[in-house]
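>
Residue numbers (the working numbering), protein chains in the order written: chain L, 1 to 436; chain X, 1001 to 1436.
1) So which residues of chain L does residue 1048/X contact, with C-beta pairs closer than 8 Å?
2) Does the contact criterion of 3 or more C-beta pairs under 8 Å hold for the stretch 1240-1251 of chain X versus the stretch 1145-1157 of chain X?
3) Does residue 305/L get closer than 7 Å to chain X when you measure Cβ to Cβ?
4) By DSSP's criteria, residue 101/L is part of a beta bridge. Which residues make up the other side?
5) Would residue 343/L pass as a contact of residue 311/L if the rule is Cβ separation under 7 Å?
6) Less than 7 Å between the beta carbons of residue 1166/X and residue 1183/X, yes or no?
7) Assuming the contact rule is C-beta atoms closer than 8 Å, residue 127/L and residue 309/L should be a hit. Round their C-beta distance to whole Å, please.
8) Under 9 Å Cβ-Cβ, which residues of chain L neighbour residue 1134/X?
9) Could you pull the DSSP bridge partners for residue 1316/X from this structure?
10) Verify whether the separation of the beta carbon atoms of residue 1240/X and residue 1299/X is less than 7 Å.
11) Just the Cα atoms here: how many angstroms apart are residue 1262/X and residue 1243/X?
12) Helix, strand or coil: which one does DSSP assign to residue 345/L?
13) For the beta strand (DSSP E) that contains residue 282/L, what are its first and last residues?
14) Does DSSP classify residue 95/L as helix, strand or coil?
15) Please report the residue range of the alpha helix (DSSP H) in which residue 253/L lies.
16) Have a look at residue 76/L and residue 61/L and give me their C-alpha separation to the nearest angstrom.
17) Whole angstroms are fine: how far does the CA of residue 1112/X sit from the CA of residue 247/L?
18) At what residue ranges does the stretch 1147-1198 of chain X contain a whole run of the alpha helix (DSSP H), taking only runs of 4 or more?
19) Tell me which same chain residues have a C-beta within less than 6 Å of the C-beta of residue 134/L, skipping the five on either side of it?
20) Relative to the C-alpha of residue 345/L, which residue among 323/L, 374/L, 231/L is closest?
21) Kindly list the residues whose CB is nearer than 7 Å to the CB of residue 14/L, restricted to its own chain and excluding five residues on each side of it in sequence; keep chain order.
22) For residue 1391/X, write down the residues that DSSP places opposite it in a beta bridge.
23) Nearest chain X C-beta to residue 440/L closer than 7 Å, yes or no?
24) By Cβ distance, which residues of its chain are closer than 7 Å to residue 1388/X, with the 5 residues on each side in sequence left out?
25) At 4 residues or longer, what runs of the alpha helix (DSSP H) sit wholly inside the stretch 352-392 of chain L?
26) Taking just the CA atoms, how far does residue 1430/X sit from residue 397/L?
27) Is there contact between the stretch 112-123 of chain L and the stretch 316-333 of chain L, where contact requires at least three CB pairs shorter than 8 Å?
28) From the beta carbon of residue 1034/X, is the nearest beta carbon of chain L less than 7 Å away?
29) Tell me, please, whether the CB atom of residue 1277/X is closer than 7 Å to any CB atom in chain L?
30) Answer yes if the stretch 1289-1297 of chain X comes into contact with the stretch 1088-1104 of chain X, meaning at least three C-beta pairs across the two stretches below 8 Å, and no otherwise.
31) Starting from residue 1112/X, follow its DSSP beta bridges and name the residues at the other end.
32) For residue 366/L, return the contacting residues in chain X, with the cut-off set at a CB-CB distance below 9 Å.
33) Mind checking residue 1071/X: buried by the 16 CB within 10 Å criterion, or exposed?
34) Taking the continuous beta strand (DSSP E) assigned at residue 1417/X, which residues delimit it?
35) Throw me the rounded Cβ distance for the residue 1399/X and residue 1405/X pair, which I believe falls under 8 Å.
36) May I ask which residues mark the beginning and end of the beta strand (DSSP E) holding residue 261/L?
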């Protein structure tokens, strides 16, 4: 007997059904915004991550040497792959490029509650617009996706931050600070002890006092943005604050400002982010971990060898992520289990009639099973029950001699007979009641 | 500038759109038969293949040692994974178990025309029925899936064979013949030179004369099945012939007998198959390669440590497989390209109105884009054309002062004005004509 690998999940039908409904819902929202679906390789040259992505993700790569001696890796996230694709077809693609896809990624993490080595995301990205409208459209898509899944608008909040605000604040303390390292420290703030977090800031080049003062500034909220500009005499800081305010203004026009709170302690873990970054949280606080996040990464396409191309995106964890918890807490989780419209039961040698009925019901778009195991009446009925069949159509040898089938409603137990040649006849979704 | 790996494909939206339509169609047919969706890991313990699957596939594994020292592999096919899942939940699952899924697999093959290292399949399997009805239902699902994609029933044929007929015929020549090796030779028959093929049969233990005679017997067709029984005094051979005939009889009841031709030169490459096996081909012969295949594998669950559980399934290659070629040859390939219902064009500071209109159109389920790049009228109109927008709604500063928007049909060029507060109003899908 074999066992699957730790950190990898087998999704059986009953558990997959609600997850599929959630993915379908998010993808429908993405399509409505004009995001277009792409499909991308699971395996890529490892240097696409080892060159640019920051040490945290590189430590978790599933990388290896393939049979041709290439250093390859299972992709831990989508962004470098779509960046590569944009560069490859930069001239042919009309801008803005708006892409989405849902697929697994792989990270060799410590397996623990809520952390898996195979994780699934729906990513949506806009390439080719540096305008605040593009950041805001990503926020609007994400908020609409959640609302379309049945969440009340008050159930979630987007904590919005800005990489350049963090970077300029850090540089205002010390021009030589290691900004990427300090930002990685901020990203870990909520998950580590305070002493360890302050240590990480000191390792990045801040003094003890600077680290504490910096951390205090991070508590600025929506109403403190203008003051923030005064914190340092830095045009770059003023620009960043203005950009964040412009994104929030666009979010207001797009109807999603209410979901956004300024939160400078939000940083995101990957090095390539440049402007606005955000994370989605449960507003009730019941789910404490971040649900998903995204942000702007304006330099990646150029670093990958393309024309300068601003970009902004979001990656929504699906399947085994925090999102199912958020939906469960707020009563928006679709039911688990499988659904069946009809089971066509065979008694005696009635296969050709049962098959004809099953075929005609399937042509109407219904989920229909019939016996493929040569089983008894009782055994078939019990199976029909186990798959939650709504209606059972009994094709019995004796009934058929009278030109009839029996139609049984499984919820009420009601049953009636129907002329076999009139079943399903003109009915789109025939039930027991139609023939009673 | 990075390049993706050889044998891996980047699917841009225009090329993915028809493939997504094909996958959606196949999955809808699978659901109508009561196959239930599962989702499964990309990575598994390598011994799940090295123990059982035959040397051909083992030579092509993307296997490596993970950071924990485990010998793991990217999965080259689905069957061992679903077998493992059936074993793990054998008691809890009601039989028959009918599962489907669509996902990528990986094989380190020589990259050539039509052969990729990342390939996608929709697999559908039935566990727990050894009856001919189950084999026939898999054939019926596959045929219905193709017809539902728009193929004429005469466009494809299923070449149906039986592993036990092949095995018993081989043993009738020589009890010590290496049956798995000889069957792998038959599987390669159409792809190799005759001399090389006969060599493979001789390596498996047949004499030169036996190899030629065996090959002649393989040319038996539908009408020769009864004679085949007389070829050797073997009850097992007679049983196998009878089983194949029973599957064909069930296929007749299921309405798909017309697609099935007996073809004993069809063998399938994997060692675990036991009974009926089949491959789908282009009936016109224009596409020469097999489109997809499947078959019965009654021992795998037991070999994986479970209760004896018969099984039968099919794996339909999608995305970059032979199937798109078959559909193209028979004019059933969905159009490439992207579709857009509305583009909401902004002229001047009209973002909040444009956003409101876009939001209301999206709520009606339409694909709607609006400007996120702060571009000129002409640049927006050209972009709307590039994404094939059906209708452009112009929210212009001057028009809005008069309480109007302009509605433009992009195919005819016709345009008219509409009151802004009545757009989209009560219209489900407002067009230029509605306001003309």
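Just so it is clear, CB atoms sit at the ideal spot from N, CA and C, and this is done for glycine as well.
On a predicted model such as this, the values are computed, not experimentally measured, just so you know.
Straight from the coordinates:
1) Those are 2, listed as they occur along chain L.
2) Output reads no: the stretch 1145-1157 of chain X does not touch the stretch 1240-1251 of chain X.
3) So, interface residue.
4) Answer is 123/L.
5) Pairing residue 343/L with residue 311/L gives a Cβ-Cβ distance that is not under 7 Å.
6) Against a cut-off of 7 Å, the Cβ pair of residue 1183/X and residue 1166/X comes out as a contact.
7) So it is a contact: roughly 5 Å between Cβ atoms.
8) Neighbours of residue 1134/X on chain L, chain order: 372, 373.
9) In the DSSP assignment, the residues bridged to residue 1316/X are 1122/X.
10) No, they are not a contact pair.
11) Each residue's alpha carbon lies about 13 Å from the other.
12) In the three-state DSSP reduction, residue 345/L falls in the strand class (E or B).
13) Here the beta strand (DSSP E) through residue 282/L covers 276-282.
14) Reduced to three states, the DSSP call for residue 95/L is coil.
15) 235-253 is the extent of the alpha helix (DSSP H) around residue 253/L.
16) In a straight line, the C-alpha of residue 76/L is about 7 Å away from that of residue 61/L.
17) A direct Cα-Cα distance of roughly 48 Å separates residue 247/L from residue 1112/X.
18) The stretch 1147-1198 of chain X contains these whole alpha helix (DSSP H) runs: 1163-1173, 1179-1188.
19) Taken in chain order, the residues that qualify are 126, 312.
20) Taking residue 345/L as reference, the option from 323/L, 374/L, 231/L with the minimal CA-CA separation is 374/L.
21) Closer than 7 Å at Cβ, skipping near neighbours: 336, 337, 338.
22) According to DSSP, residue 1391/X bridges with 1342/X, 1409/X.
23) Residue 440/L lies beyond the residue range present for chain L, which begins at 1 and ends at 436; the question has no answer from this structure.
24) Excluding residues within five positions, the ones whose Cβ falls inside 7 Å are 1337, 1338, 1339, 1340.
25) Whole alpha helix (DSSP H) segments, 4+ residues: 377-386.
26) Taking the Cα positions, residue 397/L is about 54 Å away from residue 1430/X.
27) With the cut-off at 8 Å, the stretch 112-123 of chain L and the stretch 316-333 of chain L touch.
28) Cβ-Cβ to chain L under 7 Å: yes for residue 1034/X.
29) Taking Cβ atoms only, chain L never reaches closer than 7 Å to residue 1277/X, which makes this a no.
30) These segments do not touch.
31) Answer by DSSP bridge pairing, in chain order: 1115/X.
32) Result: 1032.
33) With fewer than 16 other Cβ atoms within 10 Å, it is exposed.
34) Residues 1415-1419.
35) Right, the Cβ-Cβ distance comes to about 6 Å (below 8 Å), so this counts as a contact.
36) Its beta strand (DSSP E) spans residues 260-262.
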